[in-house]
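J.: Below is a structure I'd like to ask you about.
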Amino acid sequence: MEFSLYSVINILITIYLVVDSKKHGKNPVLWGILGFIFGIITLSIYWIRTGKKLLGWIILILAIIFHLLLILFIFAVLFMSFT
Numbered sequence: 001m002e003f004s005l006y007s008v009i010n011i012l013i014t015i016y017l018v019v020d021s022k023k024h025g026k027n028p029v030l031w032g033i034l035g036f037i038f039g040i041i042t043l044s045i046y047w048i049r050t051g052k053k054l055l056g057w058i059i060l061i062l063a064i065i066f067h068l069l070l071i072l073f074i075f076a077v078l079f080m081s082f083t
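The sequence shown: position 7 = 7 (full-length UniProt numbering), numbered continuously.
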């Protein structure tokens, strides 16, 4: 079974969210599932909700920019392949 770097990062984020959410009185199952599915975006939203607002907002904005650039790159590659 092959794990990509993305999967390893999501697993580490999930473990962090499950352990830390108990300390803040949040639902660890919910945050764990969201962390595994959505990864860094969930982590940044969690940090915004638990008091690390500046770091959370910075990471959220960077993650959104990265995802938008990735989508634009995919569209550019598809557009170039059809022309």
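Every residue gets a Cβ at the ideal spot worked out from N, C-alpha and C, and that includes glycine.
Computed from a prediction, not measured in an experiment: that's the story for all the values here.
Three Cβ pairs or more, each shorter than 8 Å: is that satisfied between the region 38–45 and the region 19–26?
T.: Counting Cβ pairs under 8 Å, fewer than three are found: no touch.
J.: Would you call isoleucine 65 buried or exposed, if buried means 16 or more other Cβ atoms sit within 10 Å of its Cβ?
T.: As a first step, residue 65 is located in the sequence shown; it is residue number 65 there, counting from the start. Looking at its Cβ environment, which holds fewer than 16 other Cβ atoms inside 10 Å, isoleucine 65 is exposed.
J.: Following the continuous alpha helix (DSSP H) through asparagine 10, name the residue where it begins and the one where it ends.
T.: The count along the sequence shown starts at 1 and reaches residue 10 at position 10. Segment 5–23, the alpha helix (DSSP H) holding asparagine 10.
J.: Buried or exposed: which applies to threonine 83, given that a residue is buried once 16 or more other Cβ atoms fall within 10 Å of its Cβ?
T.: Along the sequence shown, one-based indexing puts residue 83 at 83. Classification for threonine 83: exposed.
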